[in-house]
Amino acid sequence: MSIRAKELLVLGLIAVFSLIFYVGKVSGWKAVQFSTTVSIIVILLIVLSLVWILIKTIRGSLIERRIVFLYVGIAVALPLFMSLSQKIPISPEVKAVYDSIGELPAGSKVLVSFDYDPPSAPELQPMAEAFLYYCFVRDLKVIMIGLWPQGPQQANLAIEEVFEHEDIKPKNLKYGIDYVNLGYQAGNEFVIQRLGSDIKAMFPSDYRGKPYDEIPLVKNVKNFSNIDYCFNLSSGFVGTREWVQIAVDRFGVKLGAGNTAVQAPQMYPFMRAGQLIGLLGGMSGAAEFEYLTEWTGKGTKYMLSQSFAHMIVVAFIIIGNVAFFRSGRKSRLDR
Amino acid sequence: MRRAIPLLITGIVGAVFVVQYFVPHYPFNMMSNWFSDWFAIVGACAIVLGALNLMKISIQKVIKRRADWGYAAVIVASFLLITIIGLAEGGDFRDPGTKFDWLYKFVYTPLSSTMFALLAFFVASASYRAFRARNFEATLLLLAAFFVMLGRVPVGYTITEFMPVEYRLSDLASWIMSFPQAAGQRAIMIGIGLGIVSTSLRVILGIERTYLGGD
Chain A
984 MSIRAKELLV
994 LGLIAVFSLI
1004 FYVGKVSGWK
1014 AVQFSTTVSI
1024 IVILLIVLSL
1034 VWILIKTIRG
1044 SLIERRIVFL
1054 YVGIAVALPL
1064 FMSLSQKIPI
1074 SPEVKAVYDS
1084 IGELPAGSKV
1094 LVSFDYDPPS
1104 APELQPMAEA
1114 FLYYCFVRDL
1124 KVIMIGLWPQ
1134 GPQQANLAIE
1144 EVFEHEDIKP
1154 KNLKYGIDYV
1164 NLGYQAGNEF
1174 VIQRLGSDIK
1184 AMFPSDYRGK
1194 PYDEIPLVKN
1204 VKNFSNIDYC
1214 FNLSSGFVGT
1224 REWVQIAVDR
1234 FGVKLGAGNT
1244 AVQAPQMYPF
1254 MRAGQLIGLL
1264 GGMSGAAEFE
1274 YLTEWTGKGT
1284 KYMLSQSFAH
1294 MIVVAFIIIG
1304 NVAFFRSGRK
1314 SRLDR
Chain B
-17 MRRAIPLLIT
-7 GIVGAVFVVQ
3 YFVPHYPFNM
13 MSNWFSDWFA
23 IVGACAIVLG
33 ALNLMKISIQ
43 KVIKRRADWG
53 YAAVIVASFL
63 LITIIGLAEG
73 GDFRDPGTKF
83 DWLYKFVYTP
93 LSSTMFALLA
103 FFVASASYRA
113 FRARNFEATL
123 LLLAAFFVML
133 GRVPVGYTIT
143 EFMPVEYRLS
153 DLASWIMSFP
163 QAAGQRAIMI
173 GIGLGIVSTS
183 LRVILGIERT
193 YLGGD
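So the sequences go chain by chain: A and B.
For the first sequence, the working numbering gives the first residue as 984, with consecutive numbering after it.
For the second sequence, the working numbering gives the first residue as -17, with consecutive numbering after it.
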């Protein structure tokens, strides 16, 4: 089979699977769920196959890269069908975000900046949903903005999801009174700088075009001094670093953040210095926050996949090092 | 003149922002606000310019049948589709239930998430081939990665739950992230900060001119 034919075959398969998943989603199909026994048997089989790979490696036979890809695919996909539960430990940085929101009195204004786009949504969207849920449960007023073009759309998706929850529905939250989406503004860190002096100058209307002064929630909000808490969801530039450097250092804003796992380590110095109140790092941060806020979201659901994927990577690091030492520390695993 | 004016603008704007940081009073605060507003306007124009440029390049590629012109055709078609649908739906085009929202939710989001998800496969493969205990430093890095990878997910907590609190993998991972990792990050940030200060001064003073293009 030629390469072009293989590409077309893969594209065709992806299209068929996408169609099936879409039909399933809109039709409300229930996902197949393995029982606990089946789940444990599947895990044992995977572990046994890894042991077999380790034995093969010790005997001098190296595995191909596509086998690693296959195991990662299995580690991510299979747990989605398993019915196993894990105890989620709470890290101090996540607890700090939770506590800081808990300390705000009802009616406090919280500014949430959605500085990410769909590629980072699997990690950040669960945080956004859990955070908004917790704000609404505590009767806080939420002002949403985006310094990334897709940010306001992600905010809408999160709101849509949160409003389906049985704790939120009876509150009958109203747009413009309990929450508002001011949309996207170009200008990166200069937007943050300007919010410190005049929010209206950067967001003269909401994302639908309604004038700022006609929105009851924000008409008396002049700048950061009228905001009680800021929360930044970020996956790069412009993001948490700029919010710390400008909003916190210049204007003394109270800031919590949610970052992708890749970016989160860069924020620890800010947290250690007290510039950042707390941090939700990656999907595990989202799962921890969901656990604290009692929001049943995707962070917790996907943690089993993440646990499996991490274990698979660790297993292959061990296998790779076995191969490395077995070959007198000269091995180049190019295959 | 073509170089002098941009140099002058850069010098004045840069100097105002530096002074305004230390003296946030009239007239520097007012000038800073002006320049911030102008930056947002220029930024918004740059987005339009970037989109139009992408269209121009893609259309040229399709017309001249250059290599991989099929991908360029997909860009043009997608661009036109989303723009036309967005414009046709008016001011509420991003609301739930609109066609734009459908495209965003069921086409754009899964496609871009898929691209990002490919990273997991490459990270695993790269870890398998590159994470080697070659020397002391590499072994330290390897061990840190080992503990953090297991400690940051619930399974790390589960397999060491019987141990005293400080010795559990989750606590060890938190310690690594909060102390050695934060110290390393801080050192890098200080280095970057010093670099930014010196480069910014060179730009403001007109010594560094590469951003203007040419030599």
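Here a beta-carbon is modelled for each residue, glycine too, at the ideal position from N, C-alpha and C.
Please read these numbers as outputs of a predicted model, since none were measured by experiment.
Next on the checklist: Counting only Cβ-Cβ distances shorter than 8 Å, please list the residues of the segment 1157 to 1191 of chain A near chain B, keeping chain order.
Outcome noted: Against chain B - using a Cβ distance shorter than 8 Å - the residues of the segment 1157 to 1191 of chain A are GLN1168, ALA1169, GLY1170, ASN1171, PHE1173, VAL1174, GLN1176, ARG1177, SER1180, ASP1181, ALA1184, MET1185, TYR1190 and ARG1191.
Next on the checklist: Looking only at its chain, what residues have a beta carbon closer than 8 Å to the beta carbon of PRO1194 (chain A), apart from the 5 residues adjacent to it on each side?
Outcome noted: Counting only Cβ-Cβ distances below 8 Å, and skipping sequence neighbours, we find PRO1187 and SER1188.
Item to check | Reduced DSSP category for SER1044 (chain A) - H, G, I as helix; E, B as strand; rest coil | outcome: Of the three classes helix, strand and coil, the one that applies to SER1044 (chain A) here is coil, per DSSP.
Checklist entry - Given 8 Å as the limit, is there contact between the segment 119 to 132 of chain B and the segment 1290 to 1297 of chain A, that is, 3 or more CB pairs closer than that? => result Enough Cβ pairs lie closer than 8 Å, so yes.
Item to check | Candidates A:ILE1050, A:ALA1104, A:LEU1262 and A:ALA988: closest to ASN1139 (chain A) by CA position | outcome: Per the Cα distances, A:ALA1104.
Next on the checklist: Short of 8 Å in beta carbon distance, which residues of its chain neighbour LYS1152 (chain A), apart from the five on each side in sequence? Order them along the chain.
Outcome noted: For LYS1152 (chain A), where only same-chain residues beyond five positions count, the Cβ hits under 8 Å are PHE1146.
Next on the checklist: Taking 8 Å as the limit between beta carbons, can you name the residues of its chain near ILE186 (chain B), skipping five residues before and five after?
Outcome noted: Cβ neighbours of ILE186 (chain B) beyond the five flanking positions: THR(-8), GLY(-7), GLY(-4), ALA(-3) and VAL0.
Checklist entry - Which residues in the same chain have their Cβ closer than 6 Å to the Cβ of LYS1281 (chain A), if we skip the five residues on either side of it in sequence? => result Within the same chain, Cβ atoms closer than 6 Å to the Cβ of LYS1281 (chain A) are found at PRO1109, the five residues on either side in sequence being excluded.
Item to check | N-terminal and C-terminal residue of the alpha helix (DSSP H) that GLY195 (chain B) is part of | outcome: From DSSP, GLY195 (chain B) is part of no alpha helix (DSSP H); its letter is neither H nor E.
Checklist entry - What span of residues does the beta strand (DSSP E) with MET1127 (chain A) cover, start to end? => result Note, MET1127 (chain A): beta strand (DSSP E), 1124 to 1129.
Next on the checklist: Output needed for LEU194 (chain B): all residues of its chain with C-beta closer than 8 Å, excluding positions within five of it in sequence on either side, in chain order.
Outcome noted: The residues ARG(-15), PRO(-12) and LEU(-11), in chain order, have a CB closer than 8 Å to that of LEU194 (chain B) in the same chain once the five nearest residues on each side in sequence are set aside.
Next on the checklist: Quick check on the burial criterion: 16 or more other C-beta atoms within 10 angstroms. Buried or exposed for TYR53 (chain B)?
Outcome noted: Under this definition TYR53 (chain B) is an exposed residue.
Checklist entry - So the alpha helix (DSSP H) ALA106 (chain B) belongs to, where does it begin and stop? => result From DSSP, the alpha helix (DSSP H) with ALA106 (chain B) extends over 91 to 112.
Checklist entry - Interface residues of chain A around THR181 (chain B) at Cβ under 8 Å? => result Within chain A, no residue comes near THR181 (chain B); the closest Cβ sits about 16 Å away, beyond 8 Å.
Next on the checklist: In the DSSP output, which residue or residues are listed as bridge partners for LEU1262 (chain A)?
Outcome noted: In the DSSP output, where bridge partners are listed per residue, LEU1262 (chain A) has A:ALA1240.
Item to check | Where LEU85 (chain B) meets chain A, residues with beta-carbon distance less than 8 Å | outcome: Within chain A, no residue comes near LEU85 (chain B); the closest Cβ sits about 11 Å away, beyond 8 Å.
Next on the checklist: Could you check whether the Cβ of GLY995 (chain A) sits closer than 9 Å to any Cβ belonging to chain B?
Outcome noted: Chain B, which has no Cβ nearer than 9 Å to the Cβ of GLY995 (chain A), makes this no.
Checklist entry - Do ILE1126 (chain A) and PRO1135 (chain A) come within 9 Å of each other at the CB atom, strictly closer than that value? => result Going by C-beta atoms, PRO1135 (chain A) is not nearer than 9 Å to ILE1126 (chain A).
Item to check | Any C-beta of chain B under 9 Å from that of ARG1042 (chain A) | outcome: So, not an interface residue.
Next on the checklist: In the DSSP output, which residue or residues are listed as bridge partners for SER1096 (chain A)?
Outcome noted: SER1096 (chain A) is bridged to A:ILE1128 and A:ASN1215.
Checklist entry - Contact between the segment 1238 to 1250 of chain A and the segment 1259 to 1279 of chain A: three or more CB pairs below 8 Å? => result With three or more CB-CB distances shorter than 8 Å, the segment 1238 to 1250 of chain A counts as touching the segment 1259 to 1279 of chain A.
Next on the checklist: By the three-class DSSP mapping on this structure, what secondary structure does ARG25 (chain B) have?
Outcome noted: A small correction: the amino acid at residue 25 (chain B) is Gly; Arg does not occupy that position in the sequence shown. Helix at GLY25 (chain B).
Checklist entry - Would a check of beta-carbon distances place TYR53 (chain B) closer than 9 Å to chain A? => result With 9 Å as the cut-off, TYR53 (chain B) does not count as an interface residue toward chain A.
Checklist entry - At a Cβ cut of 7 Å, what residues of the segment 131 to 152 of chain B count as close to chain A, listed as they run along the chain? => result For the segment 131 to 152 of chain B, which is checked against every Cβ of chain A, the residues closer than 7 Å are MET131, LEU132, ARG134, VAL135, PRO136, VAL137, TYR139, THR140 and SER152.
Checklist entry - Does DSSP put SER60 (chain B) in a helix, a strand or coil? => result If DSSP states are grouped into helix, strand and coil, SER60 (chain B) belongs with the helices.
Checklist entry - Where do the N-terminal and C-terminal ends of the beta strand (DSSP E) with ASN1164 (chain A) fall, by residue? => result Residues 1162 to 1167.
Checklist entry - Just the Cα atoms here: how many angstroms apart are ALA115 (chain B) and ILE1302 (chain A)? => result Computed Cα separation, rounded: 12 Å.
Next on the checklist: With a threshold of 9 Å between beta carbons, is PHE10 (chain B) in contact with chain A?
Outcome noted: No - not a single Cβ of chain A is within 9 Å of the one on PHE10 (chain B).
Item to check | Residues that MET37 (chain B) contacts on chain A, provided the C-beta gap is smaller than 9 Å | outcome: Simply none; closest approach about 17 Å.
Checklist entry - Assuming PHE1214 (chain A) contacts VAL1093 (chain A) under a Cβ cut-off of 8 Å, what Cβ separation, rounded to an integer in Å, is found between them? => result About 6 Å separates the beta carbons of PHE1214 (chain A) and VAL1093 (chain A), which is inside the 8 Å limit, making them a contact pair.
Item to check | Reference ALA33 (chain B); option with closest CA among B:VAL58, B:TRP20 and B:ASP50 | outcome: The shortest Cα separation from ALA33 (chain B) among B:VAL58, B:TRP20 and B:ASP50 belongs to B:VAL58.
Checklist entry - Which residues of chain A have a Cβ atom closer than 9 Å to the Cβ of MET97 (chain B), listed in chain order? => result Going along chain A in sequence order, the residues near MET97 (chain B) (Cβ under 9 Å) are PRO1102.
Item to check | Per-residue burial, ARG1318 (chain A) [other beta carbons within 10 Å of its own, 16 or more giving buried] | outcome: Reliability fails at ARG1318 (chain A), whose pLDDT of 47 lies under 50, so the model's placement of it is uncertain and the value that follows must be treated cautiously. With fewer than 16 neighbouring CB atoms inside 10 Å of its own CB, ARG1318 (chain A) falls in the exposed class.
Next on the checklist: Can you pull out the residues from the segment 1275 to 1295 of chain A whose beta carbon lies closer than 9 Å to at least one beta carbon of chain B?
Outcome noted: For the segment 1275 to 1295 of chain A, residues whose beta-carbon sits nearer than 9 Å to a beta-carbon of chain B comprise MET1286, LEU1287, GLN1289, SER1290, PHE1291, ALA1292, HIS1293, MET1294 and ILE1295.
Item to check | Boundaries of the alpha helix (DSSP H) in which TRP157 (chain B) is found, first to last residue | outcome: Segment 151 to 158, the alpha helix (DSSP H) holding TRP157 (chain B).
Checklist entry - TYR1158 (chain A) by DSSP, collapsed to three states: which one? => result DSSP places TYR1158 (chain A) in the strand class (E or B) of the three-state scheme.
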